[in-house]
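For reference, the structure is listed below as C-alpha cells.
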Amino acid sequence: MEYREFGKLDLKVSALGFGCMRLPVIDGDNARIDEPLATAMLRRAIDQGLNYVDTAWSYHSEQGEPFVGRVLQDGYREKVYLATKMPSWLVKSQEDLDRYFDRQLERLQTDHIDFYLLHTLNAGYWENYLKIKVFDWAEKKLSEGKIRHLGFSFHDRYEVFDRILNGYDNWEFCQLQYNYMDVEEQAGRRGVCEAAEKGLGVIVMEPLRGGRLAVQNPPAPVAEAFSRGTRKWTMAEWALQWLWDQPEISLLLSGMSTMEQVEQNLRSAERSGIGSLSEDDRETIRQVQQAWSGLAPVPCTSCEYCMPCPNGVQIPRIFKLYNESVIYDRQQRGQNAYKNDLSDDQRADNCVECGQCESLCPQSISIIQQLKNAHAYLSGGTA
Numbered sequence: 000m001e002y003r004e005f006g007k008l009d010l011k012v013s014a015l016g017f018g019c020m021r022l023p024v025i026d027g028d029n030a031r032i033d034e035p036l037a038t039a040m041l042r043r044a045i046d047q048g049l050n051y052v053d054t055a056w057s058y059h060s061e062q063g064e065p066f067v068g069r070v071l072q073d074g075y076r077e078k079v080y081l082a083t084k085m086p087s088w089l090v091k092s093q094e095d096l097d098r099y100f101d102r103q104l105e106r107l108q109t110d111h112i113d114f115y116l117l118h119t120l121n122a123g124y125w126e127n128y129l130k131i132k133v134f135d136w137a138e139k140k141l142s143e144g145k146i147r148h149l150g151f152s153f154h155d156r157y158e159v160f161d162r163i164l165n166g167y168d169n170w171e172f173c174q175l176q177y178n179y180m181d182v183e184e185q186a187g188r189r190g191v192c193e194a195a196e197k198g199l200g201v202i203v204m205e206p207l208r209g210g211r212l213a214v215q216n217p218p219a220p221v222a223e224a225f226s227r228g229t230r231k232w233t234m235a236e237w238a239l240q241w242l243w244d245q246p247e248i249s250l251l252l253s254g255m256s257t258m259e260q261v262e263q264n265l266r267s268a269e270r271s272g273i274g275s276l277s278e279d280d281r282e283t284i285r286q287v288q289q290a291w292s293g294l295a296p297v298p299c300t301s302c303e304y305c306m307p308c309p310n311g312v313q314i315p316r317i318f319k320l321y322n323e324s325v326i327y328d329r330q331q332r333g334q335n336a337y338k339n340d341l342s343d344d345q346r347a348d349n350c351v352e353c354g355q356c357e358s359l360c361p362q363s364i365s366i367i368q369q370l371k372n373a374h375a376y377l378s379g380g381t382a
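Written as C-alpha cells, this is what we have:
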C-alpha cells in the first residue's frame, strides 16, 4: 500500500480509502448488508494496509454505521482512521448535534471519531450551521478528544465551496466529488487546489463517477481513445491513477461492492504515486475527456452568459441534465432529476422563444431548439 501526506497533519493515510456506501447487499435491499462478504472485504483491505474507513449516518438506510462498528471489533478499530458525518439535513439545533453524534459513537462502538465531517454541505446547510453555532459545539468535542479532526463534505457550486472553505479558520480536511470528467463541476479542480494551498487534506469521493467511468463496454469513441494509450489499464484504473498522480490529493474513497473490486483497487493503489503518469498517459486522458464530451448533444460549457433568462428557464442546468443523461445512457435518472430538481417555471417548456439567450451565447448554440429537444427527452420522449 502507498501512503500519502494529509495536508498539514502529521500523519499518513493510505492512498485508497474504503467508502462504505456501496457494500454488497442481499436481494437488492440496501438495508440488508451481506455481512459475511462485506466483513471479509473490509478486513481484507485493512489487512493489506488500507487505514481509512468512511461511513455516514444515512448509508445503507442507517445500517452502515452499526455494521462498521461490528467489523472494526477484534482489534481492527485500532488499525484505521474512522470517518463519519453529521447528517446535515436532520440538524435543526445544537441539541440535535449532540443527539446524533452520541448515537453515532454508540453505533460505531467507539469513544471517538478520527475524522468527523459536516455532511454534504451546500449553501442552505451552511447557513443553518452558522445559525446554530456549530463550531462552538465542534470545538468542545475537539477539546474533549471525541473528535480528532474536523472537516466537511461538499455538494454545491464552487462559489459556495469558497465561502465555506474560508468561513472557518480551523478546517483540517474536506471531501469533494472529483474525477477526470468533473474537473469543472461543483468545487472542481479550483476547489482541490485552493483547499490544498490552505493546508487541508483533500479526500476525493466519486472517483469513478458512481461507476460510470468504469463501465466494461464504453461507447466506441471512448474505447478508441483509451486504445491509443500505451497502458493496458482498465477504465477504473485509468480514473484512479489520474487522481493519484496529483499531489493535492490526500486519498480517494472507493465504494466497493465485490471482493474482486477490493483486490483490483488494492493492486492499483500499490502502483500509485504522485507524478507517476507520463505525458502520453495524460494525453490519453485528455482524448478520453474529449470523447466523452463529444457524445453530448449540446456543446454547452455552463458559462451562463445566457442567464438570467427573463422567463426563469434554467438553461445551463437543463443542458447539463440532458447531456449527462445522453452521454451515460441514463434517461430515467435524468427524467427524475428534471421532474424533482426543477420547478415548473424553470423547465424548458417555459421558454417563450424571445431569443435573448441565443444572442448572448459564445458557442452559438441554437438554444431554443435545443431546449425543445431537452424537454422532449427529459419528459419521456426521445428528442
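Residue numbers (numbering that gives the first Met the number 0): 0 to 382.
Yeah, the Cβ is synthetic: ideal placement off N, Cα and C, and Gly gets one too.
Owing to the predicted nature of the structure, the values given are computational and were not obtained by experimental measurement.
**OP:** Kindly confirm or deny that the region 124-135 and the region 79-98 touch, where touching means at least three C-beta pairs closer than 8 angstroms.
**Re:** With three or more CB-CB distances shorter than 8 angstroms, the region 124-135 counts as touching the region 79-98.
Original post:
Which residues share a DSSP beta bridge with L251?
Top reply: L251 is bridged by DSSP to L15 and V203.
Subject >> Reduced DSSP secondary structure (H/G/I, E/B, other) of E4 >> reply: E4 falls in the strand class under three-state DSSP.
Original post:
Are there three or more Cβ pairs, one per stretch, closer than 8 angstroms when the region 189-198 is compared with the region 238-249?
Top reply: The answer is yes - the region 238-249 touches the region 189-198, with three or more Cβ pairs under 8 angstroms.
Original post:
Is it a yes or a no for the region 295-303 touching the region 311-323, going by three-plus beta-carbon pairs under 8 angstroms?
Top reply: Counting Cβ pairs under 8 angstroms, three or more are found: they touch.
**OP:** Determine the extent of the beta strand (DSSP E) in which V214 is found, giving its start and end residues.
**Re:** First-last for V214: undefined, no H or E at that position.
Original post:
In whole angstroms, what is the alpha-carbon distance linking L164 and F134?
Top reply: Cα to Cα, the separation comes out at about 14 angstroms.
**OP:** Can you tell me which of the three DSSP states R270 falls into?
**Re:** Residue state, collapsed to three classes: coil.
Original post:
Between V12 and the rest of its own chain, which residues show a CB-CB distance below 7 angstroms, the 5 nearest in sequence each way excluded?
Top reply: Short of 7 angstroms from the beta carbon of V12, and not among the five residues preceding or following it, lie these beta carbons of its own chain, in chain order: Y2, R3, F5, N50, Y51, Y80, S249 and L250.
Subject >> Assigned secondary structure, S152 (DSSP; H/G/I helix, E/B strand, else coil) >> reply: DSSP places S152 in the strand class (E or B) of the three-state scheme.
Original post:
Curious, which full-length alpha helix (DSSP H) runs of at least 4 residues does the region 98-156 contain?
Top reply: When DSSP assignments are scanned along the region 98-156, the uninterrupted stretches of alpha helix (DSSP H) that are 4 or more residues long and fall wholly within it turn out to be 122-130 and 133-143.
**OP:** Would you please state the rounded distance, in angstroms, between the beta carbons of W136 and L96? I believe it to be under 8 angstroms.
**Re:** That pair is a contact at about 5 angstroms.
**OP:** In angstroms with no decimal places, state the Cα-to-Cα distance between E278 and Q362.
**Re:** Distance between the alpha carbons of E278 and Q362: 30 angstroms.
Original post:
Out of Q72, L370, E323 and S324, which has the shortest C-alpha to C-alpha gap to R346?
Top reply: Answer by Cα proximity: L370.
Subject >> the ligand HEM heavy atom lying under 6 angstroms from the CB of I25 >> reply: The ligand HEM is not part of this structure, which contains no ligands at all.
Original post:
Distance, Cα to Cα, D161 vs E323?
Top reply: Using only the alpha carbons, I get a separation of about 25 angstroms.
**OP:** Mind reading off the beta-carbon distance from Q334 to L377? Whole number of angstroms is fine, and I expect it under 8 angstroms.
**Re:** At roughly 5 angstroms, the Cβ-Cβ gap stays under 8 angstroms, so Q334 and L377 are in contact.
Original post:
Which partner residues does V24 have in the DSSP bridge list?
Top reply: According to DSSP, residue pairing for V24 in a beta bridge involves I32.
Original post:
Among I146, E61 and K91, which has the Cα closest to the Cα of T132?
Top reply: It is worth fixing the name first, because residue 132 is Lys in this sequence and not Thr. If we check each option's Cα against that of K132, K91 comes out closest.
**OP:** Inspect the CB distances between the region 56-67 and the region 23-37 and report whether three or more fall short of 8 angstroms.
**Re:** Yes, since at least three Cβ pairs between the region 56-67 and the region 23-37 fall closer than 8 angstroms, the two stretches touch.
**OP:** Check whether the Cβ of E94 lies closer than 7 angstroms to any Cβ atom in chain C.
**Re:** Of the protein chains in this structure there is only one, and it is not chain C.
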